[in-house]
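Protein chains: 2
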Amino acid sequence: MYIGIDLGGTNIAVGMVDDNGKILAQESLPTLSGRSYEEIVKDMAVLCEKVAEQSGHSMKEVDAIGIGSPGAVDSENGVVIFAGNLKFEKAPIALEMRKYFDIPVNLENDANAAAYGEYAVCGHEAESFVFITLGTGVGGGIIINNQIYRGFNGAGAEIGHMTLKMDGKPCTCGRKGCFEVYASVTALIEQTVQAMSKNPESMMNDWIKENGHVSGRTAFECAAKGDEAAMQVKDTYIRYVAEGVTSIVNIFQPDMLVIGGGISREGDVLLKPLKGYVSNGDFNKFMKKTDIQTAKLFNDAGIIGAALAAKNNV
Amino acid sequence: MYIGIDLGGTNIAVGMVDDNGKILAQESLPTLSGRSYEEIVKDMAVLCEKVAEQSGHSMKEVDAIGIGSPGAVDSENGVVIFAGNLKFEKAPIALEMRKYFDIPVNLENDANAAAYGEYAVCGHEAESFVFITLGTGVGGGIIINNQIYRGFNGAGAEIGHMTLKMDGKPCTCGRKGCFEVYASVTALIEQTVQAMSKNPESMMNDWIKENGHVSGRTAFECAAKGDEAAMQVKDTYIRYVAEGVTSIVNIFQPDMLVIGGGISREGDVLLKPLKGYVSNGDFNKFMKKTDIQTAKLFNDAGIIGAALAAKNNV
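Chains as they are written, first to last, in the working numbering: chain A, 1095 to 1408; chain B, 1095 to 1408.
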């Protein structure tokens, strides 16, 4: 029995997870970021007790606790080195957690934890596995031989910050033209807004009257209804995603590559053209191709992945 | 004692290599590509006997033979799946080699073999190691936990074919804007030729009168003498290289990244500005930085790497 904690900028989500990656009980509290790491870990501990009880177990049956945190993480020592949205600097949260429960605590970067969750549940036969999550930014996780690949300093797998268009649009990281600037949902929304203002007759302008504001779904939903401008937004966005995925395939040739984030709920609408672009463009013309899939766990990937990474590491 | 074979489109180079990666004797023959794999392996066998004798040993003292071949390689079965410049298709060269010598034969892609050579001799303390070779194209090799990372199908580490400028200049691979199109020596030569025609007063135009033709050295040598146009070519080229290296650092955060190929002989002239650009641009602002170096083995990397990879794998 394991506990997985998905520590986000907005919520702390905690789940009791069995050996097969099934969530037995789940609870959350607002993160209220800006608080000290001690206060946040205290809330985590309360949630641990709660999900243990709800699932009909006790904390004594829990073999390990896994935490996924945003930012730069030192997994070996259980320290969040830096996390901007949590305002953490060198926060020893694993040690702090052990003040409440005398069991092993494993800390991972949140994207790595989510990647491990998707891998463990859907891709555990893959020797090499890459997870790309399209959200506010573009995150990544790399699993090689059942181990999360963290880089020598724990800061690896920042797939969103490989270049897609050198000297292109500015990125939050300080460089220009990163993959994230074109393939995140933030970017898709920007691309949608631009197309709406260029095409006042587009169905997308009516869509937001009904739905309140532009989202990652706007272009996809209007494209499904045959709106030309929306179809173009959708296709261009998928080409951006495919361009980055092709680079990753050329570098890793992973057994399996999984696309996560809200947009992955589009399923085959995203996947089919994406696979076409990648298969057409990748360098490997003669050998077996990477199996490209959409995510299966969605919002649960963080909790499940944190729990199963803890299981794997202790 | 090991034998390393660097099978190239032009030459077959064979060396007797000791356990520490020192070449004891070395011989070569022209590849005469277009010949059958049986004929080429026969020449390899002749060269093996020759270097064994020259080094004062016999083939009986050789523990394994390592071969580095261009193209797509199935290391597990010792088969070159496809190599355009050798005109090989599904050539079982390891099996063929064993007709001559009854010892283990290990086959690697040539860039992977060279990467392993640089790693084994200069970076063997690195848990993660990336080699990028700037030549006619841009090749790569990735070593993780003392193992060559080949991808699930053997076609991994094609670092030259990650995107640098989406929809940019056409690449030989069929896509546009690959890293290779901007950072290979072929690209540097093209960039040099363009600058020469734009700047007829540039010293580079005199340089070729003395040296016969434009090479990867033209801009670097004239820049060292203060030629403005040459300095600009050099700086722009280094920025291209740095942009790709930054992407690789963001993805892998390797302990060590080594730049190989003829241009790496420039040493600090290349390395200093390159490190500056990467350090300035990479996503990791808070943790230890990747150690970036130029290659140490140059032309011997292929022989040494093939030999030591065989040592590691048998």
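Cβ atoms here follow ideal geometry from the backbone N, Cα and C, with glycine treated the same way.
Treat the numbers as computed from the prediction; the structure is a model and nothing was measured.
- B:L1180 and B:G1103 do touch by the CB rule: their CB atoms are close to 6 Å apart, below 8 Å.
- In terms of Cβ geometry, B:A1205 and B:G1234 form a close pair [threshold 8 Å].
- Burial of A:D1100 is indicated by the presence of at least 16 other C-beta atoms within 10 angstroms of its C-beta.
- Using a CB distance below 9 Å, no part of the stretch 1291-1315 of chain A faces chain B.
- The C-beta of B:H1218 comes no closer than 8 Å to any C-beta of chain A.
- A Cβ-Cβ separation of about 26 Å leaves B:L1258 out of contact with A:M1350 under the 8 Å criterion.
- Beta-bridge annotation (DSSP): A:R1359 is not paired with any residue.
- Closest in alpha carbon position to B:V1224, among B:V1232, B:I1238, B:V1215, is B:I1238.
- In the DSSP annotation of this structure, the continuous segment of the beta strand (DSSP E) that includes B:I1161 starts and ends at 1158-1163.
- With a 10 Å radius around the Cβ and a threshold of 16 neighbouring Cβ atoms, B:K1328 comes out buried.
- Following the DSSP letters along the chain, one finds B:Y1213 inside the alpha helix (DSSP H) bounded by residues 1204-1216.
- DSSP, reduced to helix, strand and coil, places B:A1185 within a strand of the structure shown.
- If you look at B:Q1326, you'll find it isn't in any beta strand (DSSP E); it sits in the alpha helix (DSSP H) that goes 1322-1346.
- Look at A:A1249: its C-beta is under 8 Å from a C-beta on chain B.
- Residue environment: A:G1399 is assigned as buried (16 or more neighbouring CB atoms within 10 Å of its CB, all protein chains considered).
- Taking 8 Å as the cut-off, the Cβ atoms of A:N1203 and A:V1167 count as close.
- Selection A:L1365, A:R1192, A:A1277, A:D1157 evaluated against A:N1406 yields A:D1157 as nearest (Cα-Cα).
- When C-beta distances to chain B are compared with 7 Å, the residues of the stretch 1217-1241 of chain A below that value are E1221, S1222, I1238, in chain order.
- Contact between B:M1256 and A:S1341 is confirmed by a C-beta separation of about 4 Å, below the 8 Å threshold.
- The continuous alpha helix (DSSP H) containing B:V1275 extends over residues 1273-1277.
- By the Cβ criterion, the stretch 1236-1251 of chain A is not in contact with the stretch 1351-1358 of chain B, since fewer than three pairs of Cβ atoms, one from each stretch, lie closer than 8 Å.
- The closest CA to that of B:A1277, considering only B:A1220, B:A1119, B:A1336, is found on B:A1336.
- In the three-state reduction of the DSSP assignment, A:R1129 falls in the strand class.
- Assigned with DSSP and collapsed to three states, A:K1270 falls in strand.
- In this structure the stretch 1285-1303 of chain A lies against the stretch 1317-1326 of chain A, because at least three pairs of beta carbons, one per stretch, are closer than 8 Å.
- In terms of beta-carbon proximity, A:D1394 stays away from the interface with chain B, with every pair separated by 8 Å or more.
- Here B:M1110 carries a strand assignment [DSSP, helix/strand/coil].
- Relative to the Cα of B:T1266, the nearest Cα in the group B:G1370, B:M1297, B:G1231 belongs to B:G1231.
- In summary, B:G1310 is buried, with 16 or more beta-carbon neighbours lying within 10 Å of its beta-carbon over all protein chains present.
- Per DSSP, reduced to three states, the secondary structure at A:K1259 is strand.
- For B:T1388, the uninterrupted beta strand (DSSP E) run begins and ends at 1385-1388, by DSSP.
- Beta-bridge partners of B:E1121 (DSSP): B:V1108.
- Between B:D1376 and B:V1343, the C-beta spacing is below 8 Å.
- Cβ contact annotation for B:L1123 (same chain, cutoff 8 Å, sequence separation greater than five): N1105, I1106, D1137, V1140, L1141, in chain order.
- At a beta-carbon threshold of 8 Å, the residues of chain A lying near B:A1166 are N1378, F1380, M1381, ordered along the chain.
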